[in-house]
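Asker:
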Amino acid sequence: ILFASVNQEECIACGACNSAAPDIFDLDDSGIATVVFAGDNNRGVTAIAEELQEELQEAFDSCPTQCIQLAESPFA
Ligand code: F3S
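Just so we're on the same page, the working numbering is the position in the sequence shown counted from 1, plus 20.
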């Protein structure tokens with residue numbers, strides 16, 4: 021897993037991803053999550069650092085709506 025993007029249509033603003041991986045996910049004013057790692061801006065085109073893979077997996081596992089999308093290659 022290297023790339024991540026939140027399907028914001030499905031995000032219910034629970035905040036679990038931000039708690040598990042604050043360096044990867046941030047929440048906007050409405051609580052909707054976005055991938056902010058290295059300025060990715062939720063595009064899913066920035067490889068998430070190797071040392072953050074564990075928390076990325078934790079965030080993925082903790083999302084109640086499974087709206088965190090992970091991939092081995094960039095989303096766009
Ligand atoms: Fe949203 Fe899932 Fe995070 S519901 S706030 S993407 S844990």
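All C-beta atoms in this analysis are idealised placements derived from N, C-alpha and C, irrespective of residue type, glycine included.
Under the rule that 16 or more other beta-carbon atoms within 10 Å means buried, what is A40, buried or exposed?
Answerer: Classification for A40: buried.
Asker: Alpha carbon to alpha carbon, how far is N38 from N28? Give it in angstroms, no decimals.
Answerer: One detail in the question is off: residue 28 reads as Gln in this sequence, not Asn. Q28 and N38: Cα-Cα distance of roughly 14 angstroms.
Asker: With respect to the alpha helix (DSSP H) encompassing A40, which residues constitute its N-terminal and C-terminal limits?
Answerer: Per DSSP, A40 belongs to the alpha helix (DSSP H) from 36–40.
Asker: Cutting at 8 angstroms between CB atoms, please list the residues of its own chain near S50, excluding the five before and the five after it.
Answerer: For S50, where only same-chain residues beyond five positions count, the Cβ hits under 8 angstroms are A33.
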